[in-house]
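**Q** Structure in structure tokens, see below.
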Amino acid sequence: MTNEKSMSRHTQPWEKRFAGRARNMHASEIRDLFALLGKPDVISFAGGFPDADLFASSRFLDGYQKYLRDCPEVSLQYCASEGYLPLRRWIAGFMHRQGVICSSDNILITSGAQQAIEFLSRLFLEKGSSVAISKPSYLGALQIFDAYEPHYRFFEAKGESAGSPGPCVYDASSLKLIYANPDFSNPTGETMETCARRRLLALARDNDIPLIEDAAYSALRYEGSALPSMMQLDIEECGSIENSLVVYCGSFSKTMTPGMRIGWICAASPLIQKLVLLKQSSDLNSSTINQMVMHRVAAEMFDECVLASRNAYRLRRDNLISALEQYMPENVNWQKPEGGMFVWLTLPDGLDANALLAKAITLEGVAFVPGRPFHPDGSGRNTLRLCFTSCPRERAREGIKRLGRLITHEMASPDSIMPPEVIPVSGL
């Protein structure tokens, strides 16, 4: 008892000692439910995981063995904060193939695209800054931005349509940053059409606003023609990467493996030089041996790995869409994504996906991610995200069958229907 009281006295005061930005960090209200996902009978569409069977494990093993055997004095040592030079050169070549002319001086290696977004937020945002995002938007980015208590402004990520004038008509003079996830976005899987990309770039250029292009999923296209990156479009307009306001954030996590935590920033060299200082003060450098091994494997078989992922995930996407068509009741809506890892469901008005998740896990043994956390204004409670990349065919069909059965039951139950949402309108 004495020890418990002593522990209580020492742990209780921490909350009041946290800085304001730390007090703005909150665990998701659904986190406790996800503790149940380890149960073998739960079919999960929740985590945005690539399929581990597609990792080039034997090639990675060969690389680690080679560099530990041949040059441990290099592979186990610190390296430049900018990153391992051969890897940066390879990435510059990759960007060149995407229509972006750059050099290794325009590349910074980061611990995944997540660290890239965090660095850029530290560089551009202050408390109360205005940030332009699509709605819904990537939760990992929102969690970073939220530390700065930002004012969110929303832009339309879809193509121009009747009654949708686009973002450039709004006053954006107070914006400090624009964040876009234009290719197969997380969470919706939607792709921003070229016209919408150009409108957003015009907004950035006209108001001198940095634009983060989160391209984590861009390589995972299953049909249709690739669209030009926002950085490519901007360089076509301004003439050089050194004049571009776009900051491109790439990652190997979705195409090679997420466990090695290697991403990159591609941007004008003065911005890279400033970001190197942030890297130095954060973790000095990303793992040297991980970078060396990633360079070796990517140089040998990046295209092969991407092709294997595309072929596997295309089948899993099609399987999920087929299951939705078979098992979902009317008035549940979705769109077939052209790529990426996610399908976005919209339930009938009045159904709450958070409340549905608790029942889905405990009653039907199936999990998903509710859509509300992706909406910083609190809307989207009747939406949810399904990840199709890591769930085998028959297991996925069974999971959708269970989820469809539950949604059908909830739609027929008056107790499950919530009053309509009233959400304040916010534009740029």
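Note that UniProt numbering has the sequence shown beginning at 1, numbered continuously upward. Glycine is no exception: its CB is placed at the ideal position from the N, C-alpha and C atoms.
1. Over the uninterrupted beta strand (DSSP E) stretch that includes Asp214, give me the two end residues.
2. Could you name the residues that DSSP lists as bridge partners for Ala367?
3. Contact defined as beta carbons within less than 8 Å: I believe Ala157 pairs with Asp183. What is the distance between those atoms, to the nearest angstrom?
4. According to DSSP, is Val293 part of a helix, a strand, or is it coil?
5. If we call anything under 8 Å between Cβ atoms a contact, is Leu406 one with Val343?
6. Looking at C-alpha atoms only, which residue of Gly259, Arg310, Glu73, Gly224 is the closest neighbour of Ser111?
7. Would DSSP call Phe342 helix, strand or coil?
8. Do you know whose CA, among Leu125, Ala268, Leu284, Glu394, lies nearest Met231's CA?
9. Drop a sphere of 10 angstroms on the beta-carbon of Pro392, count the other beta-carbons inside from all chains shown, and report buried for 16 or more, exposed for fewer.
10. Round the Cβ separation of Pro150 and Ser137 to the nearest angstrom and send it over; I've been treating them as touching at under 8 Å.
11. Can you tell me where the alpha helix (DSSP H) holding Cys195 begins and where it ends?
12. Between the alpha carbons of Phe252 and Glu73, how many angstroms are there, rounded?
13. Per DSSP, which one or two residues make a beta bridge with Asn333?
14. For Val246, which residues from the same chain have a beta carbon less than 6 Å from its beta carbon, with the 5 sequence-adjacent residues on both sides left out?
15. Can you check which of these residues, Phe94, Ser286, Arg381, is closest to Ile262 by C-alpha distance?
16. If you count every other CB in all the chains shown that lies within 10 Å of the CB of Gly163, and 16 or more means buried, which is it?
17. Put Cys387 into one of helix, strand or coil per three-state DSSP.
18. What do you reckon, are the CB atoms on Ile107 and Arg88 nearer than 8 Å?
19. Find the nearest neighbour of Pro270 within the set Ala92, His295, Ile241, Thr191, judged by alpha-carbon distance.
20. Quick one, are the C-beta atoms of Ser103 and Lys279 less than 8 Å apart?
21. Considering only the alpha carbon of each residue, which of Ser282, Trp14, Gln65, Asn24 lies closest to Ile289?
22. Check this for me: beta carbons of Ile178 and Ala132, under 8 Å apart or not?
23. For the region 332-343 and the region 372-388, state whether three or more C-beta atom pairs, one from each stretch, are separated by less than 8 Å.
24. What span of residues does the alpha helix (DSSP H) with Ile144 cover, start to end?
25. Looking at the structure shown, is Pro165 part of a helix, part of a strand, or coil, going by DSSP?
26. Counting beta carbon pairs with one atom in the region 327-335 and one in the region 393-412, are three or more of them shorter than 8 Å?
27. Here's the rule: buried if 16 or more other CB atoms are within 10 angstroms of the residue's CB, otherwise exposed. What is Met25?
28. Just mark Lys254 as buried or exposed, buried being the case when its beta carbon has 16 or more other beta carbons within 10 Å.
29. Where do the ends of the alpha helix (DSSP H) carrying Cys238 lie?
30. Would you report the Cα separation of Ala396 and Tyr78, rounded to the nearest angstrom?
31. So the candidates are Gly140, Ser173, Ile144; which of them puts its Cα closest to the Cα of Arg153?
32. For Glu300, which residues from the same chain have a beta carbon less than 8 Å from its beta carbon, with the 5 sequence-adjacent residues on both sides left out?
**A** By the coordinates alone:
1. Along the sequence shown, one-based indexing puts residue 214 at 214. Start and end: 211-214.
2. Taking the sequence shown and counting its residues from 1, the one referred to as residue 367 is at position 367. According to DSSP, Ala367 bridges with Ser44.
3. Locating residue 157 in the sequence shown gives position 157, where the first residue counts as 1. Locating residue 183 in the sequence shown gives position 183, where the first residue counts as 1. A Cβ-Cβ distance of about 11 Å is found for the pair Ala157 and Asp183, leaving them out of contact under the 8 Å criterion.
4. Working through the sequence shown from its first residue, we reach residue 293 at position 293. If DSSP states are grouped into helix, strand and coil, Val293 belongs with the helices.
5. Start at 1 with the first residue of the sequence shown, and residue 406 comes out as number 406. Start at 1 with the first residue of the sequence shown, and residue 343 comes out as number 343. Not closer than 8 Å, so no.
6. As a working note, residue 111 is residue 111 in the sequence shown. It is Gly259.
7. Here residue 342 refers to the residue found at position 342 of the sequence shown. Correct three-state label for Phe342: strand.
8. The count along the sequence shown starts at 1 and reaches residue 231 at position 231. Comparing alpha carbon positions, the residue from Leu125, Ala268, Leu284, Glu394 closest to Met231 is Ala268.
9. Residue mapping note: residue 392 aligns to position 392 of the sequence shown, counting from 1. Classification of Pro392: exposed, given that the 10 Å Cβ count is below 16.
10. Position 150 of the sequence shown, counted from the first residue, corresponds to residue 150. Position 137 of the sequence shown, counted from the first residue, corresponds to residue 137. With a Cβ gap of about 12 Å, Pro150 and Ser137 do not count as contacting.
11. The residue given as residue 195 occupies position 195 in the sequence shown. 194-207 is the extent of the alpha helix (DSSP H) around Cys195.
12. The count along the sequence shown starts at 1 and reaches residue 252 at position 252. The count along the sequence shown starts at 1 and reaches residue 73 at position 73. Their backbone Cα atoms lie some 25 Å apart in a straight line.
13. Locating residue 333 in the sequence shown gives position 333, where the first residue counts as 1. DSSP lists Thr346 as partners of Asn333.
14. Within the sequence shown, residue 246 is the residue found at index 246, counting from 1. Excluding sequence neighbours, Val246 sits near Leu211, Glu213, Met230, Met231, Asp234.
15. Within the sequence shown, residue 262 is the residue found at index 262, counting from 1. Selected option, being the one with the closest Cα: Ser286.
16. On the sequence shown, position 163 is the one that residue 163 refers to. With a pLDDT of 36 at Gly163, under the threshold of 50, the predicted position of this residue should be treated as unreliable, and no value is reported.
17. The count along the sequence shown starts at 1 and reaches residue 387 at position 387. Three-state result, Cys387: strand.
18. Position 107 of the sequence shown, counting from 1, holds the residue named residue 107. Position 88 of the sequence shown, counting from 1, holds the residue named residue 88. For Ile107 and Arg88, yes; Cβs fall inside 8 Å.
19. Locating residue 270 in the sequence shown gives position 270, counting from the first residue. Out of Ala92, His295, Ile241, Thr191, Ile241 has the C-alpha closest to the C-alpha of Pro270.
20. The sequence position of residue 103 within the sequence shown is 103, counting from 1. The sequence position of residue 279 within the sequence shown is 279, counting from 1. No, the Cβ-Cβ distance between Ser103 and Lys279 is not below 8 Å.
21. By 1-based counting over the sequence shown, the position of residue 289 is 289. Relative to the Cα of Ile289, the nearest Cα in the group Ser282, Trp14, Gln65, Asn24 belongs to Gln65.
22. Position 178 of the sequence shown, counted from the first residue, corresponds to residue 178. Position 132 of the sequence shown, counted from the first residue, corresponds to residue 132. For Ile178 and Ala132, yes; Cβs fall inside 8 Å.
23. yes
24. Walking along the sequence shown from the start, residue 144 turns up at place 144. From DSSP, the alpha helix (DSSP H) with Ile144 extends over 139-146.
25. Residue mapping note: residue 165 aligns to position 165 of the sequence shown, counting from 1. Because Pro165 sits at a pLDDT of 38, beneath the cut-off of 50, its placement in the model cannot be relied upon, and the following sentence gives the value as read from the coordinates. Pro165: coil per DSSP, three-state reduction.
26. yes
27. One-based indexing of the sequence shown puts residue 25 at position 25. Met25 should be labelled exposed.
28. To locate residue 254, count along the sequence shown from 1; it is residue 254. Label assigned to Lys254: buried.
29. Taking the first residue of the sequence shown as position 1, residue 238 is located at position 238. Unbroken alpha helix (DSSP H) run through Cys238: 230-238.
30. Indexing the sequence shown from 1 puts residue 396 at position 396. Indexing the sequence shown from 1 puts residue 78 at position 78. As the crow flies, the alpha-carbon of Ala396 is around 44 Å from that of Tyr78.
31. Here residue 153 refers to the residue found at position 153 of the sequence shown. For the residues Gly140, Ser173, Ile144, the minimum Cα distance to Arg153 belongs to Ser173.
32. Locating residue 300 in the sequence shown gives position 300, where the first residue counts as 1. Closer than 8 Å at the Cβ level, and outside the excluded window around Glu300, lie Arg59.
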